[in-house]
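In terms of the working numbering, the sequence shown is residues 265 to 649.
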Amino acid sequence: MKEILKLNAIAECGSEALGSGYKLVDRSDAPVAVMLRSFVMHDYALPESVIAVARAGAGTNNIPVSDYAERGVVVFNTPGANANAVKELCLAALLLASRGIVDGIEWTKSLKGDDVSKQVEKGKKQFGGHEILGKTLGVVGLGAIGVQVGNNAVRLGMNVLGYDPYISIDSAWKLNHNITKIDNVDGIFENSDYITLHVPLVDGTRGLINAKTIAKMKTGVNIINLSRGELCVNADIIAAVKSGKIHSYITDFAAPELLNVPGIIVLPHLGASTEEAEDNCAVMAAQELVDFIENGNIKNSVNFPACFSPRSGNGRVTVIHRNVKNVLKSITDLISQDGINMENFVSQSRGDYAYTIIDTSNPVSDDLFKRITECDNVIKTRRID
Numbered sequence: 265m266k267e268i269l270k271l272n273a274i275a276e277c278g279s280e281a282l283g284s285g286y287k288l289v290d291r292s293d294a295p296v297a298v299m300l301r302s303f304v305m306h307d308y309a310l311p312e313s314v315i316a317v318a319r320a321g322a323g324t325n326n327i328p329v330s331d332y333a334e335r336g337v338v339v340f341n342t343p344g345a346n347a348n349a350v351k352e353l354c355l356a357a358l359l360l361a362s363r364g365i366v367d368g369i370e371w372t373k374s375l376k377g378d379d380v381s382k383q384v385e386k387g388k389k390q391f392g393g394h395e396i397l398g399k400t401l402g403v404v405g406l407g408a409i410g411v412q413v414g415n416n417a418v419r420l421g422m423n424v425l426g427y428d429p430y431i432s433i434d435s436a437w438k439l440n441h442n443i444t445k446i447d448n449v450d451g452i453f454e455n456s457d458y459i460t461l462h463v464p465l466v467d468g469t470r471g472l473i474n475a476k477t478i479a480k481m482k483t484g485v486n487i488i489n490l491s492r493g494e495l496c497v498n499a500d501i502i503a504a505v506k507s508g509k510i511h512s513y514i515t516d517f518a519a520p521e522l523l524n525v526p527g528i529i530v531l532p533h534l535g536a537s538t539e540e541a542e543d544n545c546a547v548m549a550a551q552e553l554v555d556f557i558e559n560g561n562i563k564n565s566v567n568f569p570a571c572f573s574p575r576s577g578n579g580r581v582t583v584i585h586r587n588v589k590n591v592l593k594s595i596t597d598l599i600s601q602d603g604i605n606m607e608n609f610v611s612q613s614r615g616d617y618a619y620t621i622i623d624t625s626n627p628v629s630d631d632l633f634k635r636i637t638e639c640d641n642v643i644k645t646r647r648i649d
């Protein structure tokens, strides 16, 4: 029975998706893998037995991805599993930004007396707001969530601009043809009535919304941030809201300075918190781990390339190695010298690292496996029979 250590509560369906050969546990001396959601692993002592970490969600900034790559630990995420939940919240945020819904509800709660209906009719004008029909929405990031947001905004009658220099082929196929693709993010800033962010937090996106970029925007712009709080410089957001440059800012990431500021709505990190999204993420994470553990296949990793193949032959060896010359030749030469035929060979690279799957006609011996492991620039090897 292989143990999978969970560092956060994981939906029960995730445990079921692992199958009978696995046990999802709260404690383990030698887990084969880890599943988590928001647990911060940067100072966590990862057991040496762990070969993979699966984040039941899309973002992985709570995981030391690069450090784990150097150790040969594959980090998975679950892109798209929570996309519908975040999309629905984003559509709600568009309406919250446009109409005085939140302030109106709070004001109505304060009413007293027998003439409440008259008070409502007299005071409702202050919460009227405006419609989204015909307005321009700029979507920054056209991944699984951004595409769904853009497509649905088109159906709601909005003009939609989309920016993503790294858009995948799959996302491009799914993108509504009425969405105008923008080559420079400034085109989003300068032409949008609403801007919604759907990008990961990396060095190039940290503080993307700041005083300089806000200055390029229309007066009265509405900004929605359901991705990561650090994409926006809060002090600059607050100043722009108070000056009227930004009409409203809606974020899913609470910070003390953002609370109780008129024009700013702070949601309690609801984006992927639906029951359906948590179930989807847990199941996908479990399936990714099982396929990697049992077959060595990598799908949806954030630190190693996608590399997978159906099983063939009588043995399988997987090798995590540096993306440098002659590593593959060294490995294949050793296998050939041992008189073993390679039934199938798949290798993919990504940045500084590469991953290779080799199916052999006969199982690889302990001695040959040891020699492969000791090759220069090999980080980790596995033998899967």
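All C-beta atoms, glycine included, are put in the ideal place defined by N, C-alpha and C.
Every value quoted in this text rests on a predicted model; they were computed, and no experiment measured them.
Check	Outcome
Please state whether the Cβ-Cβ distance between V463 and V404 is less than 7 angstroms.	yes
Give me, in chain order, the residues of the same chain whose beta-carbon lies closer than 7 angstroms to that of K480; leave out the 5 immediate sequence neighbours on both sides.	D450, F453 and E454
Find the nearest neighbour of L490 within the set R419, I365 and A357, judged by alpha-carbon distance.	A357
Less than 7 angstroms separating the beta-carbons of I488 and I514?	yes
Please list, in chain order, all residues of the same chain as V314 whose beta carbon is under 8 angstroms from its beta carbon, the five residues on each side excluded.	L269, P295, V296, A297, V298 and V337
Grouping DSSP H, G and I as helix and E and B as strand, with all else coil, what is R363?	coil
For a quick check, are the C-beta atoms of D616 and N590 less than 7 angstroms apart?	no
Enumerate in chain order the residues of its own chain whose CB-to-CB distance from C545 is below 6 angstroms, with the five nearest sequence positions on each side excluded.	A320, G321, T342, A345 and N346
Would you check if the distance between the CB atom of I621 and the CB atom of T645 is smaller than 7 angstroms?	no
Taking the beta strand (DSSP E) that L461 belongs to, which residues open and close that run?	Y458 to L461
If you reduce the DSSP assignment to three classes, tell me which class I510 lands in.	strand
Using a Cβ-Cβ cutoff of less than 8 angstroms, which residues in the same chain neighbour A281 once the five nearest sequence positions on both sides are dropped?	A546, V547, A550, Q551 and V554
May I have a chain-ordered list of the beta strand (DSSP E) segments no shorter than 3 residues that lie completely inside the segment 426-486?	458-461
I need the boundaries of the beta strand (DSSP E) containing S613, first residue and last residue.	M606 to R614
What ranges does the beta strand (DSSP E) occupy inside the segment 541-590, keeping only unbroken runs of at least 3 residues that lie completely in it?	579-586
Restricting to Cα atoms, I'd like to know which of N608, A618 and E638 is closest to N626.	N608
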